[in-house]
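Chemist: This is the structure, below, for whatever I ask next.
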Amino acid sequence: EGYPAGFNEQSLFQLPTGRLVSLIRGREKLGRVADSPQDTWYFRSCSDDEGETWTTPVQTNVAGTGAAGVGYVLPDGSLLHACRVPYSRSLLNLPEPELFGLHLARSFDDGLSWQTENLLQRDPENHPFTNHYNAMNGQFMPLDDGGVLYQFGQFDVANKVFRILALELVFG
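For the sequence shown, counting from 1, position 139 maps to 160 in our numbering; every step adds exactly one.
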């Protein structure tokens with residue numbers, strides 16, 4: 022009970038202690054169906070032996086789809102996760118509930134709980150992300166000044182926009 026039908030889209034974090042934290046997407050049902058009240062939730066599992074064994078996955082409070090393959094550990098030890106806004110409009114406190122986009126969340130307890138750092142629902146020209154694929158999976162890159170760059174694809178067939186975007190994140 023409490024387990025999804027399947028797992029995919031894992032983000033891995035390596036903590037300064039060497040512990041591996043896996044944040045892995047679980048689906049209540051495989052494939053999007055109208056009667057699926059739980060959209061997509063991320064589960065957390067840990068390994069203290071370089072990935073040989075893992076703890077039982079536990080559901081977190083972060084929902085979404087399409088995560089970065091490697092999560093980002095900030096200098097203070099907190100974890101930074103990026104994923105796409107979920108299909109269900111009620112799982113996040115969205116400024117524009119009808120839009121999609123990216124959800125960047127941060128954990129201060131090794132991935133047990135998460136808080137929103139940034140919700141991006143429009144491109145640099147202020148065009149809305151109107152479907153699930155307008156903001157794609159991306160990757161983190163550290164910057165020399167201590168900031169973090171999150172790079173992701175914009176795939177907008179309706180407006181013929183296909184490009185790589187970057188979001189600079191600064192933590193103080």
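C-beta atoms are modelled at their ideal positions from N, C-alpha and C, and glycine is treated no differently. This one's a predicted model, so the numbers in the text were calculated from it and none came from an experiment.
Identify every run of the alpha helix (DSSP H) within the segment 108 to 163, keeping only runs that are complete inside it and at least 4 residues long; order them along the chain.
Modeler: None, since the segment 108 to 163 contains no complete alpha helix (DSSP H) of that length.
Chemist: Where does the unbroken beta strand (DSSP E) through A103 begin, and where does it stop?
Modeler: Per DSSP, A103 belongs to the beta strand (DSSP E) from L100 to R105.
Chemist: Taking the beta carbon of Q142 as the centre, do at least 16 other beta carbons fall within 10 Å, making it buried, or is it exposed?
Modeler: Q142 should be labelled buried.
Chemist: Roughly how many whole angstroms lie between the Cα atoms of W75 and P37?
Modeler: If you take the alpha carbons of W75 and P37, they lie about 18 Å apart.
Chemist: What did DSSP end up calling R48 once you bin it into helix, strand or coil?
Modeler: Three-state result, R48: strand.
Chemist: Can the beta-carbon of F34 be found closer than 8 Å to that of G85?
Modeler: Cβ atoms of F34 and G85: not closer than 8 Å.
Chemist: Inspect the beta-carbon positions of Q160 and A89 and report whether they are closer than 8 Å.
Modeler: In contact: Q160 and A89 (Cβ atoms closer than 8 Å).
Chemist: Along the chain, where does the beta strand (DSSP E) that runs through D176 open and close?
Modeler: Strictly speaking, residue 176 in this sequence is Phe, with Asp absent from that position. First-last of the beta strand (DSSP E) with F176: V169 to D177.
Chemist: Is it right to say A156 is buried, meaning 16 or more other beta carbons lie within 10 angstroms of its own, or is it exposed?
Modeler: With 16 or more Cβ atoms within 10 Å of its Cβ, A156 is classed as buried.
Chemist: In or out: I5 buried (at least 16 other Cβ within 10 Å) or exposed?
Modeler: Outside the displayed span of the chain (22 to 193) sits residue 5, for which this structure offers no information.
Chemist: Find the nearest neighbour of C104 within the set G174, K181 and G168, judged by alpha-carbon distance.
Modeler: Nearest of G174, K181 and G168 to C104, Cα basis: G174.
Chemist: Looking only at its own chain, which residues have a Cβ that is under 8 Å from the Cβ of N180, when we skip the five neighbours before and after it?
Modeler: H148, listed in sequence order.
Chemist: Between G85 and chain D, is the shortest Cβ-Cβ distance under 8 Å, so that the two count as touching?
Modeler: The chain inventory of the structure shown lacks chain D, comprising one protein chain alone.
Chemist: Name the two residues that bound the continuous beta strand (DSSP E) containing G194.
Modeler: What the structure shows of the chain is the stretch from 22 to 193, and residue 194 is not part of that stretch, so it cannot be assessed.
Chemist: Mind checking whether C197 and V83 have CB atoms under 8 Å apart?
Modeler: Since the displayed the chain opens at 22 and closes at 193, residue 197 lies outside it and no answer follows.
Chemist: Which one of L190, E146, Y171 and L188 has the shortest CA to CA distance from V182?
Modeler: Residue E146 is the option with its Cα nearest to V182.
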